[in-house]
DNA sequence: CACTACATACCAACCAGTCCGTATGTCCAA
DNA sequence: TTGGACATACGGACTGGTTGGTATGTAGTG
């Protein structure tokens, strides 16, 4: 008989931290940041408050961590579209829309929603740090989207001039707004319809020999 | 000389109720619904909690009242665009965009934001009643927008077919998303750029002899 | 042993909501 | 015209529970 019990309390700080952040992300997606209490986070992560405040100085600190976690997850998700420079920029953009449409199909986690959008809406006015974190992630998203548009603009003739940066913000806002209003609806069908329209709009910017 | 003192304790329930609702609207716009306490509402309205709960059964009840107040204000604001059936539908749509652009110019009340968007984001997942109220107001907005698009579609030849309803939701989501992301930015310039792009997009749907 | 990772117990402030007292306006009868 | 009955409007103290955060203890680890 070994002295160690079968499942010794797994003393794993990195894993514990990850559990706390992921629990926070889940709660923010369900009920928002303000309505989420530290106690709820702790019980969702099967931990106590003492442990929580050992890993995070404040509730705001884990809000920042949740925003960053979400940003990294999003970057990884979208990487399939924009990370391959060999891919045709228009194909990149199509993959990009496919990924967004795909994220409306996971109904198990409730409606399609976004931690960064949630935090921007709730906390931009009261927490400069959270606001800055959201700004950063939104700018990352936009920068990558603008890069695809710019590359497509260089490769293909355009039907009318457009600013890739402005267009990227347009798409970002449409995406965030779709998730927001999508929460009030029973199906994600409207979100998908918006993405189809946006895709058609982007396609319409370029003249391709194929079509 | 009237018997009434110059400033009698203003026993005016309708006015009191209005003050409570408007204070709530202001606080929701600044810091969101969850982060707004009944005590804050009371002190903003210079009232006490006893009075508050005389007029409203719960915090949720004044949330509903705030949503409705906002919806009515919005309807009144947009009425200048869509209430005149004699107006050319494309002119209606242009006025519509002018009104939205105009509401980004009031910087005195902080960034351009929306009570219904706030409540949708924060409370759709936890309060069916608030969610229903938001759904209703968003559908009103979309219905009126779709009506303008439909009228324009009947009057002018179109460059490509489109569904007025779907397009209206597209515009609504863009508008909400613009206000959301606009909170993270220092100027409303991005919101205005989005509205300009949306206006150009709508214009591009129709063939007008003028252009 | 020193240090980290976590638990327990606790705090003052705050939360939504209740209770009750009081001031005010309304209606009706004398 | 007076005055009392009654409902409404509001003030203010209070409650049980929750909030974010702290102080302290203890067990595992190098």
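Protein chains in written order, with the numbering used here: chain L, 16 to 226; chain G, 16 to 226. Don't be surprised by glycine CBs; every beta carbon is placed ideally from N, CA and C. Computed from a prediction, not measured in an experiment: that's the story for all the values here.
Straight-line Cα distance separating residue j from residue i
| i | j | result |
| --- | --- | --- |
| residue 46 of chain L | residue 224 of chain G | 51 angstroms |
| residue 27 of chain L | residue 75 of chain L | 23 angstroms |
| residue 111 of chain L | residue 181 of chain G | 21 angstroms |
| residue 197 of chain L | residue 66 of chain G | 36 angstroms |
| residue 19 of chain G | residue 63 of chain G | For residue 19 of chain G, the pLDDT reaches just 36, beneath the cut-off of 50, and the residue's location in the model is therefore unreliable, although a value from the coordinates is still provided. Straight-line Cα distance between these residues: approximately 25 angstroms. |
| residue 222 of chain L | residue 186 of chain L | 20 angstroms |
| residue 106 of chain L | residue 53 of chain G | 52 angstroms |
| residue 123 of chain L | residue 171 of chain G | 44 angstroms |
| residue 42 of chain L | residue 167 of chain G | 44 angstroms |
| residue 135 of chain L | residue 191 of chain L | 10 angstroms |
| residue 114 of chain G | residue 120 of chain G | 10 angstroms |
| residue 17 of chain L | residue 25 of chain L | No answer about residue 17 of chain L holds up, because its pLDDT of 37 lies below 50 and its placement is not dependable. |
| residue 61 of chain G | residue 36 of chain G | 12 angstroms |
| residue 30 of chain L | residue 215 of chain L | 43 angstroms |
| residue 211 of chain L | residue 217 of chain L | 10 angstroms |
| residue 93 of chain G | residue 173 of chain G | 25 angstroms |
| residue 34 of chain G | residue 80 of chain G | 12 angstroms |
| residue 194 of chain G | residue 117 of chain G | 13 angstroms |
| residue 57 of chain L | residue 44 of chain G | 30 angstroms |
| residue 164 of chain G | residue 154 of chain G | 15 angstroms |
| residue 199 of chain L | residue 87 of chain G | 19 angstroms |
Supposed close pair residue i, residue j - CB separation, criterion 8 angstroms
| i | j | result |
| --- | --- | --- |
| residue 152 of chain L | residue 38 of chain L | At roughly 20 angstroms, the Cβ-Cβ gap does not stay under 8 angstroms, so residue 152 of chain L and residue 38 of chain L are not in contact. |
| residue 40 of chain G | residue 130 of chain G | 6 angstroms |
| residue 139 of chain L | residue 127 of chain L | With 8 angstroms as the limit, residue 139 of chain L and residue 127 of chain L do not qualify as a contact, their Cβ atoms being about 21 angstroms apart. |
| residue 78 of chain L | residue 156 of chain L | Actually they do not touch by this definition, with Cβ atoms about 19 angstroms apart. |
| residue 189 of chain L | residue 213 of chain L | 6 angstroms |
| residue 201 of chain L | residue 184 of chain G | With 8 angstroms as the limit, residue 201 of chain L and residue 184 of chain G do not qualify as a contact, their Cβ atoms being about 14 angstroms apart. |
DSSP three-state assignment for residue i, whether helix, strand or coil
| i | result |
| --- | --- |
| residue 18 of chain L | Residue placement at residue 18 of chain L is poorly supported in this model, since its pLDDT is 36, which falls under 50; the coordinates are not used for a value here. |
| residue 221 of chain G | strand |
| residue 23 of chain G | Low local confidence applies: a pLDDT of 47 at residue 23 of chain G is under 50, so the model's placement there is unreliable, and no value is given. |
Continuous alpha helix (DSSP H) stretch holding residue i: start and end
| i | result |
| --- | --- |
| residue 54 of chain L | 53-59 |
| residue 79 of chain L | 74-97 |
| residue 201 of chain L | From DSSP, residue 201 of chain L is part of no alpha helix (DSSP H); its letter is neither H nor E. |
| residue 38 of chain G | 28-46 |
| residue 148 of chain G | 143-170 |
| residue 5 of chain L | Because chain L is modelled from 16 through 226, residue 5 of chain L falls outside the range shown and cannot be assessed. |
| residue 104 of chain G | 104-117 |
| residue 68 of chain L | 64-70 |
Residue i CB to nearest heavy atom of the ligand ZN below 7 angstroms
| i | result |
| --- | --- |
| residue 155 of chain G | Ligands in the displayed structure: none, and consequently the ligand ZN is not present. |
Decide if the segment 48-64 of chain L is in contact with the segment 93-101 of chain L; the criterion is three or more beta carbon pairs, one per stretch, under 8 angstroms apart. no
Using a Cβ distance threshold of 8 angstroms, determine whether the segment 194-207 of chain L contacts the segment 138-156 of chain L, with at least three qualifying pairs required. no
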